[in-house]
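Visitor: From first to last, the protein sequence lines stand for chains X and A. Residue numbering for the first sequence follows UniProt numbering, starting at 1 and increasing by one per position. Residue numbering for the second sequence follows UniProt numbering, starting at 1 and increasing by one per position.
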Amino acid sequence: MSSVLYDTPGPRAKRRNVIFTVLFAVLILLLLWWVWLKMDEKDLFASAQWKPFTESQAWTTYLLPGLADTLKAASLAMVIALPLGAVFGISRLSDHRWVRGASGTVVEFFRAIPVLLLMLFANEFYARSTDISSEDRPLYAVVTGLVLYNAAVLAEIVKAGVLALPKGQTEAAYAIGLRKGQTMSSILLPQSVTAMLPAIVSQLVVIVKDTALGGVMIGFTELLNSRGTLAANYANPIPSFIVVAIMFIVLNFILTSFASWLERRLRRSKRSTGAVLGAEKVDDLNAAEVGGSFGSGADH
Amino acid sequence: MTVKLTALSAVGSLVWGTLLAAMRVSPVPLMRGFGTAYVNIVRNIPLTVIILFCSAGLADVFGVTMGAEDFKVQGFRLAVLGLVAYTAAFVCEALRSGMNTVPLGQAEAARAIGLSFTQTLWLVVLPQAFRSVIGPLANVLIALTKNTTVAAAIGVAEAAYLMKTMIENEAQTLLIGAVFAFGFVVLTLPTGLFMGWLSKRLAVKR
């Protein structure tokens, strides 16, 4: 295989590559060996450490309910945040300056604040001002935090999705006499929703990852929190970490693959206008590019 | 504390991320594979899991204390380690997309005058790639600033940790929340504006 960065290797380069491969492999093996030694030292390969995961009890009491709670919080947050995000996204495109300004301020504000702060704040707020039972409170707090933050990010996605459509769509809609509201609801939104789908699915990955924050800081019984209980019960911190990490990786990998499959499919399809918001856009949006449009400039 | 965490992790992840990006385009297949696997795995694990693992896993089981005797110093250093490991994956992705914006002719010309892979990357491609990814890197930096709050999970006394203790003990929940929120806006806003200005200023004119 050759790339533009280097020539097709000749005999000497091939030898050098082999040497580097061997060196690098040795480095990795040394690292793995050290990990293995340390794990062996602590008896982490003893079957007692891993046995819980082969029995159904660990799964049914800890991991699966944890996973269910993770998914519950993530999907609730997504379902509530989507319409909110759509409203804010559309009002950011409004022709009236005060509507645009107000929603712009709200969106930029919530994008600039860490989700964790929002969750902590919501938790304390619910504890003092409402009578939500202390069992339900973590779920409410996690979902509130996630909704506030993700509605802001989704608003940006919606805005970018609508702006990504060719200008002719709006002009044609006006030309056949549609009003602004009609143009938005029957011409622009239906087209931009398909364009936004990959970005929305990628945002779901971010939401799933962020639910873990609630598990540690405000005692929401999601996957990571259940891991703690499980590890305390079976005294197997490392194996439980590995299992939970793999569960997260598999879950998110499915979502990411689904997003990029959607993106490819949409790019291929002939009926669309060719405007697609990819997963890359999401990384940028999550960083709150306050006060400007840098980062989505000419290099994308 | 938040600022200190951010600054140290930013430097660390920039270095590690650049190395990862170099690995991902290198002529050695094993390094390419490692880079790709690392980025895909790390990006899909919640940062909370990584940071907790650094504390509960690395420190308690593997005995990695980062040369610290004090428990607090150790927590801080492990938090930096976790943040670097996580953020580097995003830096690597940003840099890789930056490399794609460097015209093919640049790398071809570099090869034509006989530069090796390292020289091509270091002298020709990376300098141009860095200048074009300042915008995306700024986003990574801002995300990092916000992510430092996760370090509260292992008891590092940064903003989120302070806020948690404060709103649990004081009466004015709203006021304290607003102050901390405002603090983050103050931290991220100038970063964003400055980097935006910088990226326009340094953009490679073509």
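By construction, the Cβ of each residue, glycine as well, lies at the ideal position given by its N, Cα and C atoms.
With the cut-off set at 7 Å, would you say A:Ala151 and A:Thr48 are in Cβ contact?
Guide: For A:Ala151 and A:Thr48, no; Cβs fall outside 7 Å.
Visitor: Which residue wins for smallest C-alpha separation from X:Val18, given the options A:Leu20, A:Thr149, A:Gly12 and A:Pro27?
Guide: It is A:Pro27.
Visitor: Taking 7 Å as the threshold (beta carbon to beta carbon), is A:Val25 in contact with chain X?
Guide: With 7 Å as the cut-off, A:Val25 counts as an interface residue toward chain X.
Visitor: Does A:Asn100 pass the burial test, meaning 16 or more other C-beta atoms within 10 Å, or should it be called exposed?
Guide: A:Asn100 comes out exposed.
Visitor: Whole angstroms are fine: how far does the CA of X:Gly10 sit from the CA of X:Lys159?
Guide: C-alpha separation (whole angstroms): 51 Å.
Visitor: May I ask you to list, following chain order, the residues of the region 176–191 of chain A that have a beta carbon less than 8 Å from some beta carbon of chain D?
Guide: Among the protein chains of the structure shown, namely X and A, there is no chain D.
Visitor: Would you decide whether A:Leu141 is buried or exposed? Buried here means 16 or more other CB atoms lie within 10 Å of its CB.
Guide: When all chains shown are included, A:Leu141 counts as buried.
Visitor: With a cut-off of 8 Å, do at least 3 Cβ pairs link the region 144–160 of chain X to the region 85–104 of chain X?
Guide: Counting Cβ pairs under 8 Å, three or more are found: they touch.
Visitor: As an exercise, report each continuous alpha helix (DSSP H) stretch of at least 4 residues that is fully enclosed by the region 122–182 of chain A, in chain order.
Guide: Taking only runs of at least 4 residues, the alpha helix (DSSP H) segments lying wholly in the region 122–182 of chain A are 126–132, 134–147 and 159–169.
Visitor: Is the region 223–239 of chain X touching the region 58–74 of chain X in the sense that three or more CB pairs, one from each, lie closer than 8 Å?
Guide: The region 58–74 of chain X vs the region 223–239 of chain X: in contact.
Visitor: With a CB to CB cut of under 8 Å and the five nearest residues on each side skipped, what residues in its chain are close to X:Asp299?
Guide: Residue placement at X:Asp299 is flagged as unreliable, the pLDDT there being 29, under the threshold of 50; the coordinate-derived value follows with that caveat. If we look at X:Asp299 and ignore the five residues flanking it on each side, it has no Cβ neighbours.
Visitor: Suppose contacts are defined by Cβ-Cβ distances below 7 Å. Is A:Ala94 in contact with A:Pro136 by that definition?
Guide: A contact, by the Cβ cut-off of 7 Å.
Visitor: Alpha carbon to alpha carbon, what distance is there between X:Asp40 and A:Gly196?
Guide: Taking the straight line from one Cα to the other gives about 50 Å.
Visitor: Could you round the C-beta distance between A:Arg43 and A:Gly35 to whole angstroms and report it? I think they count as a contact, below 8 Å.
Guide: Between A:Gly35 and A:Arg43 the Cβ distance is about 12 Å, and since that is not below 8 Å, they are no contact.
Visitor: Starting from X:Gly85 and walking both ways along the alpha helix (DSSP H), at which residues does that stretch end?
Guide: Unbroken alpha helix (DSSP H) run through X:Gly85: Leu64 to Arg92.
Visitor: Is the CB of residue 314 of chain X under 7 Å away from at least one CB in chain A?
Guide: This structure leaves residue 314 of chain X out entirely; chain X is present only between 1 and 300.
Visitor: Beta-carbon of A:Lys4 versus every beta-carbon of chain X: anything under 7 Å?
Guide: Chain X, which has no Cβ nearer than 7 Å to the Cβ of A:Lys4, makes this no.
Visitor: Could you name the residues of the same chain whose beta carbon sits closer than 6 Å to that of X:Ile80, not counting the 5 residues immediately before and after it, in chain order?
Guide: So the list reads Val147, once near-sequence residues are dropped.
Visitor: In terms of alpha-carbon separation, which member of A:Thr6, A:Ala21 and A:Ala178 lies closest to A:Leu126?
Guide: Answer by Cα proximity: A:Ala21.
Visitor: Taking 7 Å as the limit between beta carbons, can you name the residues of its chain near X:Leu93, skipping five residues before and five after?
Guide: Lys159 and Val162, listed in sequence order.
Visitor: Which term fits X:Arg137, buried or exposed, when burial requires 16 or more other beta carbons within 10 angstroms of its beta carbon?
Guide: It counts as buried.
Visitor: Rounded to the nearest angstrom, how far is the Cβ of A:Gly75 from that of A:Ala138, given a contact under 8 Å?
Guide: Not a contact, Cβ separation roughly 28 Å.
Visitor: Is the Cβ of X:Leu120 closer than 7 Å to any Cβ of chain A?
Guide: Yes, X:Leu120 counts as interfacial toward chain A.
Visitor: Using a Cβ cut-off of 9 Å, which residues of the region 107–126 of chain A contact any Cβ in chain X, in chain order?
Guide: Listed by position, the residues of the region 107–126 of chain A near chain X (Cβ gap below 9 Å) are Ala107, Glu108, Ala110, Arg111, Ser116, Phe117, Thr120, Leu121 and Val125.
Visitor: Under the three-state reduction of DSSP, which class applies to residue 307 of chain X: helix, strand or coil?
Guide: Chain X is shown only over 1 to 300; residue 307 of chain X falls outside these bounds and no answer can be derived.
Visitor: What did DSSP end up calling X:Leu178 once you bin it into helix, strand or coil?
Guide: The answer is coil: DSSP assigns X:Leu178 none of H, G, I, E or B.
Visitor: Output, in sequence order along the chain, the residues in the region 32–59 of chain A whose CB is closer than 9 Å to any CB in chain X.
Guide: Residues Phe34, Asn40, Ile41, Arg43, Asn44, Ile45, Pro46, Leu47, Thr48, Val49, Ile50, Ile51, Leu52, Phe53, Ala56 and Gly57.
Visitor: What residues in its chain sit with their C-beta under 6 Å from that of X:Ser293, if we drop five residues either side in the sequence?
Guide: Residue confidence is low: X:Ser293 scores 32 on pLDDT, short of 50, so the model does not pin down where it sits. No coordinate-derived value is stated.
Visitor: Could you list the residues in the region 83–97 of chain A with a C-beta less than 9 Å from some C-beta on chain X, going in chain order?
Guide: Here the close residues are Phe90, Glu93, Ala94 and Ser97.
Visitor: Just mark X:Ser257 as buried or exposed, buried being the case when its beta carbon has 16 or more other beta carbons within 10 Å.
Guide: When all chains shown are included, X:Ser257 counts as exposed.
Visitor: Sorted by chain position, which residues of the same chain lie with C-beta nearer than 6 Å to A:Lys146's C-beta, five sequence neighbours on each side aside?
Guide: Within the same chain, A:Lys146 has no close Cβ partners at all.
Visitor: Taking only beta carbons into account, state which residues of the region 155–168 of chain A come closer than 8 Å to chain X, listed in chain order.
Guide: Answer set for the region 155–168 of chain A: Ala159, Ala160, Met163, Lys164, Ile167 and Glu168.
Visitor: Out of A:Ile51, A:Thr149, A:Ile134 and A:Glu170, state which residue places its alpha-carbon closest to the alpha-carbon of residue 220 of chain A.
Guide: This structure gives no information on residue 220 of chain A, because the portion of chain A shown stretches from 1 to 206.
Visitor: Taking 7 Å as the CB-CB cut-off, is A:Lys72 touching chain X?
Guide: No, because no Cβ of chain X sits closer than 7 Å to the Cβ of A:Lys72.
Visitor: Cutting at 7 Å between CB atoms, please list the residues of its own chain near A:Trp16, excluding the five before and the five after it.
Guide: Correct list, in chain order: Val84 and Ala88.
Visitor: By a C-beta neighbour count over all protein chains shown, 10 Å radius and 16 as the cutoff for buried, is A:Ser9 buried or exposed?
Guide: By the neighbour-count rule (16 or more Cβ atoms within 10 Å), A:Ser9 is buried.
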